[in-house]
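If you read the sequences in order, they're chains X and Z.
Under full-length UniProt numbering, the first residue of the first sequence is numbered 1, with each subsequent residue one higher.
Under full-length UniProt numbering, the first residue of the second sequence is numbered 1, with each subsequent residue one higher.
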Amino acid sequence: MAEDKKMFKVKIDNISVEVEPGTTILNAARLIGGEVVPPAMCYYSKLEGSGGKCRTCLVKVTKGSEADPRPMPKLVASCRTTVMDGMEVANITSPEVLDARKGVVEFLLLNHPLDCPICDQAGECHLQDLSYEHGADATRYEFKRRTFDKVDLGDKIKLHMTRCILCYRCVFTADQLTEKREHGVLGRGDAAEIGTYIKQSLDNDFIGNVIDVCPVGALTDNTFRFKNRVWFLKPVDAHRNCSNPKCCGKVVLWMRGDEVFRVTARKDKYGEVENFICDECRFEKKEKSDWTIEGPRKIDRHSVISQGHYVNTVKPKDALVEVLDGRQPKLLFDIHSESQVNRPEIDLSKIDGPAHSDDFIIKKS
Amino acid sequence: MGRKLLLDKAHIEGIRYYDTYRSNGGYTAAEKALKTLGPDGVLDEVKKSGLRGRGGAGFPTGMKWSFIAKPEGVPRYLVCNADESEPGTFKDRYLMEHIPHLLIEGLLISSFALGANSCYIYIRGEYAWIPEILEQAIAEAKNKGWLGKNILGTGYDLEIYVQRGAGAYICGEETALIESLEGKRGNPRIKPPFPAVKGLWQCPTVVNNVETLAAVVPIINIGGDEYIKFGTGKSTGTKLISACGNINKPGVYEIEMNISVEEFIFSDEYCGGIKNNKRLKACIPGGSSVPVLPANLLLKTAKGETRMMTYESLADGGFATGSMLGSGGFIVMDEDQCIVRNTLTFARFYHHESCGQCSPCREGTGWMKKVLHNIEYGKGKMSDIDLLWDIQRKIEGNTICPLGDAAAWPVAAAIRHFRDEFEWHVLNPDESQKRNYGIAHYADPIPVPAGA
Numbered sequence: 001m002a003e004d005k006k007m008f009k010v011k012i013d014n015i016s017v018e019v020e021p022g023t024t025i026l027n028a029a030r031l032i033g034g035e036v037v038p039p040a041m042c043y044y045s046k047l048e049g050s051g052g053k054c055r056t057c058l059v060k061v062t063k064g065s066e067a068d069p070r071p072m073p074k075l076v077a078s079c080r081t082t083v084m085d086g087m088e089v090a091n092i093t094s095p096e097v098l099d100a101r102k103g104v105v106e107f108l109l110l111n112h113p114l115d116c117p118i119c120d121q122a123g124e125c126h127l128q129d130l131s132y133e134h135g136a137d138a139t140r141y142e143f144k145r146r147t148f149d150k151v152d153l154g155d156k157i158k159l160h161m162t163r164c165i166l167c168y169r170c171v172f173t174a175d176q177l178t179e180k181r182e183h184g185v186l187g188r189g190d191a192a193e194i195g196t197y198i199k200q201s202l203d204n205d206f207i208g209n210v211i212d213v214c215p216v217g218a219l220t221d222n223t224f225r226f227k228n229r230v231w232f233l234k235p236v237d238a239h240r241n242c243s244n245p246k247c248c249g250k251v252v253l254w255m256r257g258d259e260v261f262r263v264t265a266r267k268d269k270y271g272e273v274e275n276f277i278c279d280e281c282r283f284e285k286k287e288k289s290d291w292t293i294e295g296p297r298k299i300d301r302h303s304v305i306s307q308g309h310y311v312n313t314v315k316p317k318d319a320l321v322e323v324l325d326g327r328q329p330k331l332l333f334d335i336h337s338e339s340q341v342n343r344p345e346i347d348l349s350k351i352d353g354p355a356h357s358d359d360f361i362i363k364k365s
Numbered sequence: 001m002g003r004k005l006l007l008d009k010a011h012i013e014g015i016r017y018y019d020t021y022r023s024n025g026g027y028t029a030a031e032k033a034l035k036t037l038g039p040d041g042v043l044d045e046v047k048k049s050g051l052r053g054r055g056g057a058g059f060p061t062g063m064k065w066s067f068i069a070k071p072e073g074v075p076r077y078l079v080c081n082a083d084e085s086e087p088g089t090f091k092d093r094y095l096m097e098h099i100p101h102l103l104i105e106g107l108l109i110s111s112f113a114l115g116a117n118s119c120y121i122y123i124r125g126e127y128a129w130i131p132e133i134l135e136q137a138i139a140e141a142k143n144k145g146w147l148g149k150n151i152l153g154t155g156y157d158l159e160i161y162v163q164r165g166a167g168a169y170i171c172g173e174e175t176a177l178i179e180s181l182e183g184k185r186g187n188p189r190i191k192p193p194f195p196a197v198k199g200l201w202q203c204p205t206v207v208n209n210v211e212t213l214a215a216v217v218p219i220i221n222i223g224g225d226e227y228i229k230f231g232t233g234k235s236t237g238t239k240l241i242s243a244c245g246n247i248n249k250p251g252v253y254e255i256e257m258n259i260s261v262e263e264f265i266f267s268d269e270y271c272g273g274i275k276n277n278k279r280l281k282a283c284i285p286g287g288s289s290v291p292v293l294p295a296n297l298l299l300k301t302a303k304g305e306t307r308m309m310t311y312e313s314l315a316d317g318g319f320a321t322g323s324m325l326g327s328g329g330f331i332v333m334d335e336d337q338c339i340v341r342n343t344l345t346f347a348r349f350y351h352h353e354s355c356g357q358c359s360p361c362r363e364g365t366g367w368m369k370k371v372l373h374n375i376e377y378g379k380g381k382m383s384d385i386d387l388l389w390d391i392q393r394k395i396e397g398n399t400i401c402p403l404g405d406a407a408a409w410p411v412a413a414a415i416r417h418f419r420d421e422f423e424w425h426v427l428n429p430d431e432s433q434k435r436n437y438g439i440a441h442y443a444d445p446i447p448v449p450a451g452a
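Below, the structure written as structure tokens:
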């Protein structure tokens with residue numbers, strides 16, 4: 001039965017791929033992989049009904065199908081548009097798409113606080129990646145940004161609505177994974193917020209997964225908040241026999257030495273959770289002895305998390321030394337000859353309080 | 001006098017009630033449809049009539065009806081969109097207040113043609129008193145055997161329910177309306193699937209405007225071939241126009257779509273000219289979402305033809321020099337009106353009414369409002385005008401539902417046609433707080449920035 005199933009031929013950025021009918025353009029592009037995959041902030045393949053909201057995955061359909069070759073009049077959300085036979089799609093080859101995407105990134109960052117230096121999500125944040133790849137260097141927004149108070153959704157989850165981009169992923173997660181959904185989107189327009197309406201905790205066996213699906217730092221793990229930066233931790237695959245029948249027990253431990261800082265589900269290269277894990281695994285089991293360690297997790301090389309975790313890597317060749325016939329490059333000037341401040345004989349620990357240029361002048365005289 | 005089809009009996013005292021409505025030829029169309037025409041006959045007549053959706057988009061109704069999926073054993077629904085929230089539009093309100101039975105009869109015929117046994121009227125929350133009028137009319141009709149089980153002995157059943165909205169503009173968008181009707185948050189759905197395939201409770205659904213459904217009654221009464229003789233070209237029949245703004249006689253007018261815009265504004269039969277003998281500056285011909293047109297482009301198209309009150313003529317020249325008939329909310333502005341302020345008002349409205357589901361509309365509408373606010377209150381910069389243009393360009397077409405477009409178009413048109421007024425606001429921040437720019441004298445269209 002599966003053999004005689006008709007496959008649809010799709011061309012994305014002039015690369016052909018054959019997919020099953022009913023596949024979305026985004027998933028077809030993921031089959032090709034690489035640069036042609038549109039970014040997705042709200043689409044989540046594990047959550048039914050997600051997608052279509054962030055508009056970062058907009059693509060241009062230059063040919064509707066073999067039967068109806070007309071192009072689609074507007075850019076379409078590739079995560080929710082299914083392919084037709086003979087469809088031709090332009091993603092990175094269309095300047096219109098890139099322009100629209102740049103606009104969407106600007107809109108997403110409009111009210112985003114850009115507090116990455118103090119955000120726990122930094123380093124594994126999709127919005128960071130997106131703005132790095134598609135954003136402009138500066139915003140044109142000159143007004144006060146929208147802010148919300150931080151809310152504790154129970155003692156394990158912190159909601160920082162200011163950072164939220166309203167992708168609705170956590171709402172779908174709570175809806176589809178847990179027995180009762182206690183939070184949703186309140187308000188409308190740019191006053192819309194994720195909330196529980198009457199402030200109450202989210203306590204469900206699987207509610208911790210909202211932290212994993214959140215593309216930004218809006219939902220963070222209270223047991224991990226401000227404990228460490230993700231790129232200082234070493235991700236390790238581990239598993240345990242979880243008593244919860246719905247939980248697979250396969251996780252990633254984020255360790256430093258023998259200390260387990262946090263536990264998350266395993267994510268694929270699109271940042272999507274492979275298997276959802278229960279709250280007991282996530283929040284309660286923070287001892288190395290709770291887990292059977294499988295080995296270091298492979299993290300995509302370009303990710304900041306992979307910093308310092310690679311062994312036996314070859315350093316890129318430094319061409320400059322070769323060009324200089326083996327001599328090391330000469331510094332333009334020696335800082336100590338230029339600045340009194342950096343003279344090595346001044347012992348900063350002897351100075352009361354923060355150092356000031358006056359301290360150096362007094363010592364000198 | 002222009003011929004009327006919808007409001008021809010609106011002046012009769014007591015037409016709101018069944019007895020008067022019936023004795024003045026009411027429910028004859030329903031009788032004809034159910035007893036002689038049959039569902040396919042009704043559909044044929046509507047197709048022949050060339051009736052176009054009166055809610056704004058102007059999509060041919062007959063075609064919309066023929067798209068509805070008809071799987072076995074799945075109920076179909078007809079939903080009447082009475083969520084008339086477009087600023088400047090109040091035609092449906094008049095129709096429902098004065099001749100509710102016309103709508104009920106239209107619903108009966110349309111449901112019969114579509115094979116729907118339940119019909120919903122989704123009415124905006126602000127029309128707090130109209131559900132009572134409608135429910136009274138429904139009760140009367142049910143008493144007389146026009147609704148309920150086995151109507152006229154044909155074996156056809158129909159129930160009409162009135163559902164009040166909670167006052168959100170976005171719920172006038174058909175998929176958001178369906179979501180709201182289902183009791184959910186009124187977020188527009190992502191299309192496809194279209195409501196004709198998966199609509200209300202995932203069943204095939206047709207959503208039509210009040211005026212469209214009411215217009216089915218005269219179509220059945222006089223026949224599609226006769227209806228097509230009203231109007232011009234593809235704009236057949238009559239259209240209700242709710243005229244407001246600086247005119248002598250604001251109100252709801254039924255026009256045959258063969259009169260010129262000039263006649264509509266200045267004749268005594270309709271708007272009666274500009275108030276206080278002022279001069280016409282600009283006009284928004286189809287509700288707040290459609291592009292504003294300056295006087296010189298409103299009365300004559302860019303080709304020099306007289307602009308008519310039809311779908312085609314008002315759209316002539318595209319968005320560069322044209323506009324849209326839209327929902328028929330005709331807003332007239334005289335020389336004392338400030339375009340910047342007017343645009344700010346609309347931008348504020350769309351910011352307030354954005355559902356917040358997709359990012360360009362959620363963030364962009366608020367941004368446009370803030371930039372316009374700065375310009376209006378003398379704190380604008382010259383670069384703000386280009387910024388506004390760029391924001392609207394990035395919202396338009398990139399959103400889930402047409403609200404993003406509706407928010408972008410007024411801003412785009414205002415900058416396109418009245419750029420010098422915006423520049424005057426920026427250059428004369430103090431003076432612009434004291435007086436208005438006055439009437440526009442410039443040649444039109446002004447060259448638009450590259451990439452527009």
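Backbone N, C-alpha and C define an ideal beta-carbon position, used for all residues, glycine too.
Distance check for residue j and residue i, CA to CA, integer angstroms please.
i, j, result
"D157 of chain Z", "E48 of chain X", "36 Å"
"E88 of chain X", "P95 of chain X", "16 Å"
"G34 of chain X", "P71 of chain X", "25 Å"
"R3 of chain Z", "N221 of chain Z", "15 Å"
"S359 of chain Z", "C401 of chain Z", "12 Å"
"N14 of chain X", "C167 of chain X", "30 Å"
"I207 of chain X", "A77 of chain X", "28 Å"
"P73 of chain X", "V59 of chain X", "11 Å"
"I411 of chain Z", "D316 of chain Z", "It is worth fixing the name first, because residue 411 of chain Z is Val in this sequence and not Ile. Cα to Cα, V411 of chain Z sits roughly 19 Å from D316 of chain Z."
"L153 of chain X", "V230 of chain X", "22 Å"
"I25 of chain X", "P38 of chain X", "9 Å"
"R183 of chain Z", "C125 of chain X", "For the sequence presented, residue 183 of chain Z should be read as Gly rather than Arg. One C-alpha to the other measures close to 34 Å."
"H160 of chain X", "S65 of chain X", "44 Å"
"T28 of chain Z", "Y120 of chain Z", "22 Å"
"I190 of chain Z", "N241 of chain X", "41 Å"
Under 8 Å between C-beta atoms, does residue i make it to chain Z?
i, result
"I165 of chain X", "yes"
"F172 of chain X", "no"
"A136 of chain X", "no"
"L75 of chain X", "yes"
"C54 of chain X", "yes"
"R80 of chain X", "yes"
Would you mind working out which of the options sits nearest residue i, comparing C-alpha positions?
i, options, result
"R348 of chain Z", "Z:W201, Z:G329, Z:H373 and Z:E335", "Z:H373"
"A192 of chain X", "X:F224, X:N111 and X:I305", "X:N111"
"H11 of chain Z", "Z:V206, Z:V252, Z:M63 and Z:S354", "Z:V252"
"F107 of chain X", "Z:R419, Z:P100, Z:G356 and Z:I219", "Z:G356"
"V42 of chain Z", "Z:A57, Z:G397, Z:M63 and Z:S23", "Z:M63"
Is residue i close to chain X? Criterion is C-beta to C-beta, closer than 8 Å.
i, result
"K379 of chain Z", "no"
"R362 of chain Z", "yes"
"K198 of chain Z", "no"
"I12 of chain Z", "no"
"G172 of chain Z", "no"
Does the beta carbon of residue i fall short of 7 Å from some heavy atom of the ligand HEM?
i, result
"V19 of chain X", "This structure lacks the ligand HEM, and indeed carries no ligand of any kind."
Quick check: is the beta carbon of residue i nearer than 8 Å to any beta carbon in chain A?
i, result
"L324 of chain X", "Looking for chain A here will not work: the only protein chains present are X and Z."
- [ ] Tell me, please, whether the segment 77-87 of chain Z touches the segment 115-135 of chain Z by the rule of three or more beta-carbon pairs shorter than 8 Å.
- [x] yes
Task: Near-chain X residues of the segment 285-299 of chain Z - C-beta to any C-beta below 8 Å - done: none
Open item on the list: Tell me which residues of the segment 85-113 of chain X have at least one Cβ-Cβ distance to chain Z shorter than 7 Å, keeping chain order.
Closed with: A100, G103, V104, F107, L108, L110 and N111
- [ ] Pull out every residue of the segment 93-106 of chain Z whose Cβ sits closer than 9 Å to any Cβ of chain X, in chain order.
- [x] Residues of the segment 93-106 of chain Z whose Cβ lies closer than 9 Å to any Cβ of chain X: none.
Task: Short-range partners of chain Z found in the segment 185-210 of chain X, where Cβ spacing is below 8 Å - done: Among the residues of the segment 185-210 of chain X, those with a Cβ less than 8 Å away from any Cβ of chain Z are V185, G187, R188, G189, D190, A191 and A192, in the order of the chain.
Open item on the list: To be precise: take each residue of the segment 342-359 of chain Z, compare its Cβ to all Cβ atoms of chain X, and keep it if any distance is under 8 Å. Which residues remain?
Closed with: Answer set for the segment 342-359 of chain Z: H351, H352, E353, S354, C355, G356, Q357, C358 and S359.
Task: Segment contact, 8 Å Cβ cut-off, at least three pairs: the segment 287-305 of chain Z with the segment 318-327 of chain Z - done: yes
- [ ] Please name the residues in the segment 131-156 of chain X whose beta-carbon is closer than 7 Å to at least one beta-carbon of chain Z, in chain order.
- [x] Cβ contacts with chain Z: R140, Y141 and F143.
Open item on the list: Along the segment 182-196 of chain Z, where does the CB come closer than 7 Å to a CB of chain X? Name the residues.
Closed with: Result list: R185 and I190.
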